[in-house]
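A.B. asks:
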Amino acid sequence: MNKGPIKGFTFVIFGNMDLIDNLPDPIAIFIAEQRRAKEAGEHWEACAGALATVNEAGAPTVRFVLVKSADERGLRFFTNRESEKGKHLARDRRAAIAFHFTTTGVQLRFEGEAFPLSDEENDAYFRERPRESQIGAWASKQSQILESWEALIQQYHEFSRHFEGKEVGRPPQWGGYRLEVKRAEYWLEGMYRLHKRVRFERTPDGWVKNWLYP
108 MNKGPIKGFT
118 FVIFGNMDLI
128 DNLPDPIAIF
138 IAEQRRAKEA
148 GEHWEACAGA
158 LATVNEAGAP
168 TVRFVLVKSA
178 DERGLRFFTN
188 RESEKGKHLA
198 RDRRAAIAFH
208 FTTTGVQLRF
218 EGEAFPLSDE
228 ENDAYFRERP
238 RESQIGAWAS
248 KQSQILESWE
258 ALIQQYHEFS
268 RHFEGKEVGR
278 PPQWGGYRLE
288 VKRAEYWLEG
298 MYRLHKRVRF
308 ERTPDGWVKN
318 WLYP
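Okay, here's the thing in structure tokens:
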């Protein structure tokens with residue numbers, strides 16, 4: 108927590124502003140802030156990002172996805188590619204993801220284009236999932252109309268029997284995307300609504316950084 112006087116009162120910033128100066132880009136900042144949120148007690152929550160895609164009418168739609176890994180190439184998330192968001196991304200690659208870490212007072216926003224991951228990356232991540240979740244990926248026709256809950260449970264048990272004693276392979280429609288970030292924003296909570304906001308924009312020469320009014 109950083110403090111500084113402003114006209115007779117103490118101005119408080121939560122978090123570590125050194126990240127802005129010491130890390131090379133907003134994705135590196137995200138990795139550091141996500142780690143800090145996990146250490147503060149946000150485990151699942153630190154991976155949950157609100158993913159916005161563009162539907163067939165050109166309108167935005169949003170839902171939460173888990174973003175468990177990122178690198179200099181972008182943010183990774185996985186889904187059924189025949190789901191609503193998968194169909195959206197097949198038509199229009201534009202997407203955005205927003206995070207809010209309540210324990211550390213940080214928000215991060217990323218905008219860019221989402222590209223499918225390779226089969227090698229998909230297979231590697233699928234093998235890391237619990238067996239029950241692997242079977243669930245086969246049983247769920249994500250975003251399609253469900254006749255009844257019992258029908259889903261029945262399909263789950265059918266796939267459980269099918270894969271009994273065998274490795275659960277990845278369903279062909281299940282895979283990941285990498286959001287290649289073109290624009291990002293870092294928001295750090297401050298007192299009296301004097302938050303810190305920094306916008307990053309990718310250019311051919313690297314990232315351009317600008318401070319914004321809160």
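The sequence shown begins at 108 in the working numbering and counts up by one.
Ideal Cβ positions, reconstructed from N, Cα and C, are used throughout, including at glycine.
This one's a predicted model, so the numbers in the text were calculated from it and none came from an experiment.
Check residue 178 in the structure and name its three-state DSSP category.
C.D. replies: Reduced to three states, the DSSP call for residue 178 is strand.
A.B. asks: Under 8 Å: do the segment 268–275 and the segment 205–223 share three or more Cβ pairs, one atom per stretch?
C.D. replies: In short, these stretches do not touch, since the Cβ pair count stays below three.
A.B. asks: Which word fits residue 181, buried or exposed, when buried means at least 16 other C-beta atoms lie within 10 angstroms of its C-beta?
C.D. replies: Burial check for residue 181: the Cβ neighbour count within 10 Å reaches 16 or more, so the residue is buried.
A.B. asks: Whose C-beta lies closer than 6 Å to the C-beta of residue 154 among residues of the same chain, with five residues either side of it excluded?
C.D. replies: 173, 174, 175
A.B. asks: Are the CB atoms of residue 186 and residue 149 within a distance shorter than 9 Å?
C.D. replies: Going by C-beta atoms, residue 149 is not nearer than 9 Å to residue 186.
A.B. asks: In whole angstroms, give me the CA-to-CA distance for residue 248 and residue 207.
C.D. replies: One C-alpha to the other measures close to 29 Å.
A.B. asks: Kindly indicate which three-state DSSP category residue 207 falls into: helix, strand or coil?
C.D. replies: strand
A.B. asks: Taking residue 237 as part of the alpha helix (DSSP H), name the residues at either end of that continuous run.
C.D. replies: That residue, residue 237, is in no alpha helix (DSSP H); it is neither H nor E in DSSP.
A.B. asks: How big is the Cα-Cα spacing for residue 151 and residue 311?
C.D. replies: Taking the straight line from one Cα to the other gives about 35 Å.
A.B. asks: Would you list the residues sitting across from residue 328 in a DSSP beta bridge?
C.D. replies: With the chain covering only 108 through 321, there is no way to say anything about residue 328.
A.B. asks: Residue 321: which of 280, 313, 299 sits nearest, CA to CA?
C.D. replies: 299
A.B. asks: Give me the Cα-Cα distance between residue 139 and residue 227, rounded to the nearest whole angstrom.
C.D. replies: 26 Å
A.B. asks: I need the straight-line Cα distance from residue 307 to residue 218, nearest angstrom please.
C.D. replies: 10 Å
A.B. asks: Less than 9 Å separating the beta-carbons of residue 304 and residue 314?
C.D. replies: Cβ distance not < 9 Å, so residue 304 and residue 314 don't count as in contact.
A.B. asks: To the nearest whole angstrom, what separates the beta carbons of residue 229 and residue 193, a pair I think is in contact under 8 Å?
C.D. replies: Contact flag wrong, Cβ pair sits at about 13 Å.
A.B. asks: Let's see if you can read the secondary structure: which residues bound the beta strand (DSSP E) around residue 144?
C.D. replies: No beta strand (DSSP E) holds residue 144; the alpha helix (DSSP H) holding it covers 133–146.
A.B. asks: From what residue to what residue does the alpha helix (DSSP H) around residue 319 run?
C.D. replies: First-last for residue 319: 313–319, but that is the beta strand (DSSP E), not the alpha helix (DSSP H).
A.B. asks: Comparing alpha-carbon positions, which option in 243, 161, 276 lies nearest residue 203?
C.D. replies: 161
A.B. asks: Here's a check: name, in chain order, each residue in its chain whose Cβ is nearer than 6 Å to the Cβ of residue 292, leaving out the five neighbours to either side.
C.D. replies: 216, 306
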